[in-house]
Amino acid sequence: MDKTLTKPAFSVLFSVYSREKAIYLSSALKSIWEDQSHKPEEIVIVKDGPLTTELDSVITEFEKVAPVKCLTLDKNYGLGIALAKGLAICSYDIVARMDSDDISRPDRFEKQIQFIADHPEYDIIGSNIAEFNQSEDDIVSFRKVPELSTVICSFAKRRNPMNHMSVMFRKDAVLRAGNYIPFQGYEDYYLWVRMIMTGSLLYNLQDNLVFVRIGKGMIARRQGIFYFKQELKLQKEFYLIGFINLARYMLNILCRAMPRLLPVGLLGYIYKIIRK
Numbered sequence: 002m003d004k005t006l007t008k009p010a011f012s013v014l015f016s017v018y019s020r021e022k023a024i025y026l027s028s029a030l031k032s033i034w035e036d037q038s039h040k041p042e043e044i045v046i047v048k049d050g051p052l053t054t055e056l057d058s059v060i061t062e063f064e065k066v067a068p069v070k071c072l073t074l075d076k077n078y079g080l081g082i083a084l085a086k087g088l089a090i091c092s093y094d095i096v097a098r099m100d101s102d103d104i105s106r107p108d109r110f111e112k113q114i115q116f117i118a119d120h121p122e123y124d125i126i127g128s129n130i131a132e133f134n135q136s137e138d139d140i141v142s143f144r145k146v147p148e149l150s151t152v153i154c155s156f157a158k159r160r161n162p163m164n165h166m167s168v169m170f171r172k173d174a175v176l177r178a179g180n181y182i183p184f185q186g187y188e189d190y191y192l193w194v195r196m197i198m199t200g201s202l203l204y205n206l207q208d209n210l211v212f213v214r215i216g217k218g219m220i221a222r223r224q225g226i227f228y229f230k231q232e233l234k235l236q237k238e239f240y241l242i243g244f245i246n247l248a249r250y251m252l253n254i255l256c257r258a259m260p261r262l263l264p265v266g267l268l269g270y271i272y273k274i275i276r277k
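In structure tokens, the structure reads:
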């Protein structure tokens with residue numbers, strides 16, 4: 002039997018806000034529609050507050066060629082709320098995430114949707130990613146994540162086990178875990194842990210299915226007292242819900258939270274070492 006007949010329909014979920022670049026958004030949208038070997042049935046774009054004229058123009062043009070559903074928020078609420086509201090209006094149970102400045106490989110959806118069709122027991126399917134500065138030809142690092150669900154659950158006690166921009170998940174499983182919750186910088190990590198706690202199985206394809214634009218200021222954007230406090234808050238929450246024990250909680254504070262206070266140059270060096 003032709004497997005294409007059994008592949009489920011799916012939505013793609015985007016969030017866009019005013020500080021993003023129109024040229025990057027255009028490339029991202031092209032990569033998940035025109036360039037894809039297996040196209041989505043729906044693309045949900047959440048405008049997280051008023052956008053620039055350039056960003057609005059990109060979306061307007063894209064609506065002429067693709068099945069777009071737009072949700073416009075009255076102000077910039079942040080990623081957690083934007084994705085929660087966007088997920089609520091996705092028409093299909095299978096939802097792929099995409100960031101507005103990244104590039105999906107042309108066979109990304111084909112590979113992920115086939116895996117979901119063949120393995121209905123899994124709720125989240127992610128992949129490895131390739132990180133670049135200005136061009137996909139300028140790969141500077143990779144982020145390889147664990148493949149199997151048992152390893153992913155163990156890894157999650159130390160680090161984020163999924164690349165958010167690469168995932169495809171089941172909407173009902175996300176809602177069962179409480180949907181996206183505002184937690185700046187960690188909306189995805191917090192969600193994966195809650196899904197693990199509710200019994201979801203996770204899997205990462207060992208292909209670099211998304212090219213992720215990191216930019217030279219990426220490290221600096223995740224540094225400082227704010228992210229230090231967010232790390233403390235996240236690890237405390239993991240401990241309180243029973244995901245990690247006290248020893249792991251204390252170790253994570255030392256290994257994850259404290260480095261947020263290091264100089265950017267030193268953290269960049271550490272980042273290069275742990276990236277694969």
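Residue numbers 2 to 277, in my numbering, belong to the letters of the sequence shown in order. Note that beta-carbon positions come from the ideal geometry of N, C-alpha and C, so glycine has one too.
Pairwise C-alpha distance: residue j and residue i
i: E148; j: E111; result: 18 Å
i: N129; j: T73; result: 31 Å
i: A97; j: L88; result: 10 Å
i: F184; j: E43; result: 27 Å
i: L56; j: D102; result: 12 Å
i: S12; j: K70; result: 10 Å
i: K40; j: K230; result: 40 Å
i: S16; j: L255; result: 33 Å
i: A85; j: G79; result: 10 Å
i: A10; j: Y93; result: 7 Å
i: E35; j: I95; result: 20 Å
i: R144; j: L192; result: 19 Å
i: M251; j: E188; result: 22 Å
i: D119; j: K65; result: 33 Å
i: I117; j: D75; result: 35 Å
i: A178; j: D139; result: 37 Å
i: M196; j: T61; result: 35 Å
Whether residue i touches residue j by CB criterion (7 Å)
i: I125; j: F156; result: no
i: K8; j: I104; result: no
i: S32; j: D108; result: no
i: R249; j: K158; result: yes
i: M163; j: G127; result: yes
i: V59; j: A83; result: no
Closest by C-alpha distance to residue i, when choosing among the options
i: A131; options: R257, K230 and R214; result: R214
i: E21; options: D36, Q37 and G50; result: G50
i: P121; options: E43, Y204, L176 and C71; result: Y204
i: D100; options: D138, S136 and S27; result: S27
i: L364; options: L247, V59 and R257; result: Outside the shown range of the chain, which is 2 to 277, sits residue 364, and nothing can be said about it.
i: Y190; options: R160, A178 and L176; result: R160
i: A67; options: A85, L84, V45 and K86; result: V45
i: G186; options: F227, R177, V168 and M196; result: F227
i: V279; options: M259, Y123, Q207 and T61; result: Because the chain in this structure spans residues 2 to 277, residue 279 falls outside the shown range and cannot be described.
i: Y123; options: K172, D75 and T61; result: K172
Own chain partners of residue i with C-beta closer than 7 Å, once the 5 adjacent residues on each side are dropped
i: M198; result: I242 and F244
i: N180; result: A85 and L88
i: V194; result: A157, F239 and F244
For residue j and residue i, believed in contact at Cβ under 8 Å, the rounded distance
i: A174; j: S201; result: 5 Å
i: L30; j: R106; result: Contact flag wrong, Cβ pair sits at about 15 Å.
i: F63; j: E137; result: With 8 Å as the limit, F63 and E137 do not qualify as a contact, their Cβ atoms being about 20 Å apart.
i: Y18; j: N77; result: 5 Å
i: C91; j: L14; result: 6 Å
Same chain, Cβ closer than 6 Å to residue i, five either side skipped, listed in chain order
i: I182; result: G81
i: V168; result: R98, I125 and G127
i: N253; result: Q236
i: G225; result: none
i: I153; result: P147, P162 and L203
Proximal residues to residue i (C-beta, below 8 Å), its chain only, five neighbours per side dropped
i: E238; result: Y191
i: T53; result: S19 and A23
i: L247; result: Y240
i: M259; result: F229
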